[in-house]
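Scroll down for the structure; my scribbles are underneath it.
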Amino acid sequence: MKRALLLVVVLAATAAAGYWLKRPAAALAVSCTDPLAGCTFDHRGTPAHLRFSSQPAPLEAFELSVRAPGAGRISAELQMSDMDMGFNRYDLRLAPGGAFGAKVTLPACVSGRRDWVLYLDIDGTRYALPFSTR
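For what it's worth, the numbering used here labels the leading residue of the sequence shown as 253, then goes sequentially.
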């Protein structure tokens, strides 16, 4: 009985520690009025530039391009505020010319909402860029 209780306590503590360590870092808000034209924001004192290849629409792929001089790793997630859109993280790859990029696809939203947030992680610094679909 004592072993079973100890096992339950250890498992609960492990789960709590795992949740705490894996929770997303707070995101820095970035204003990007037109991601098609591109926008520039400050990443650790250096300008970074983000651009969408086309107007995002659910279930239609588009290219996400990010230039962040000196960056080693960039990933992106597409979410809605207060709505779980499932796991959809993309690791951007460094292309010739110095930009990171990936083909990304918005999940379908059955509620018809059009307000999205692009969470961009550049070497551990997390940014939140709100945008809308058509």
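Where a beta carbon is used, it is the ideal one built from N, C-alpha and C, also for glycine. What you are looking at is a predicted structure, and each value in this text was computed from that prediction instead of being measured.
Three-state secondary structure assigned by DSSP to R345: Looking up residue 345 in the sequence shown gives position 93. Three-state DSSP puts R345 in a strand.
Length of the line joining the Cα atoms of T377 and A351: Mapped onto the sequence shown, residue 377 falls at position 125. Mapped onto the sequence shown, residue 351 falls at position 99. Rounded to the nearest whole angstrom, the CA to CA distance from T377 to A351 is 18 Å.
Residue interval of the beta strand (DSSP E) (run including S384): For the purposes of this step, residue 384 is taken as the residue at position 132 of the sequence shown. First-last of the beta strand (DSSP E) with S384: T377 to S384.
Given D334 as reference, the closest of A328, R325, V369 and D343 once Cα atoms are compared: One-based indexing of the sequence shown puts residue 334 at position 82. The candidate whose alpha carbon is nearest that of D334 is V369.
Rounded separation between D336 and A360 - CA only: Here residue 336 refers to the residue found at position 84 of the sequence shown. Here residue 360 refers to the residue found at position 108 of the sequence shown. Going by the C-alpha atoms only, they are around 12 Å apart.
Euclidean distance between Cα positions of T285 and S306: As a first step, residue 285 is located in the sequence shown; it is residue number 33 there, counting from the start. As a first step, residue 306 is located in the sequence shown; it is residue number 54 there, counting from the start. When rounded, the distance between both Cα atoms is 14 Å.
Which residues DSSP lists as bridging Q331, in chain order: For the purposes of this step, residue 331 is identified with residue 79 of the sequence shown, where counting begins at 1. Partner(s): V369.
C-beta contact flag for R365 and G353 at 8 Å: The sequence position of residue 365 within the sequence shown is 113, counting from 1. The sequence position of residue 353 within the sequence shown is 101, counting from 1. Not a contact, by the Cβ cut-off of 8 Å.
Three-state secondary structure (DSSP) of R325: Along the sequence shown, read from residue 1 onward, the residue named residue 325 stands at position 73. Coil, per DSSP.
Straight-line Cα distance separating P299 from R319: Taking the sequence shown and counting its residues from 1, the one referred to as residue 319 is at position 67. Taking the sequence shown and counting its residues from 1, the one referred to as residue 299 is at position 47. Going from the Cα of R319 to the Cα of P299 covers about 9 Å.
Other residues of its chain near F314: CB distance less than 6 Å, five sequence neighbours each side excluded: On the sequence shown, residue 314 is found 62 positions in, with the first residue counted as 1. Counting only Cβ-Cβ distances below 6 Å, and skipping sequence neighbours, we find F304, S305, S306 and P308.
Residues bridged to S363 [DSSP beta-bridge criterion]: Looking up residue 363 in the sequence shown gives position 111. None; S363 has no bridge partner.
Cut-off 6 Å between Cβ atoms - residues of its own chain near D343, not counting five sequence neighbours on either side: Along the sequence shown, read from residue 1 onward, the residue named residue 343 stands at position 91. S327.
First through last residue of the beta strand (DSSP E) which encompasses G350: The residue you call residue 350 lines up with position 98 of the sequence shown. Segment: none, G350 is in no beta strand (DSSP E) and carries neither H nor E.
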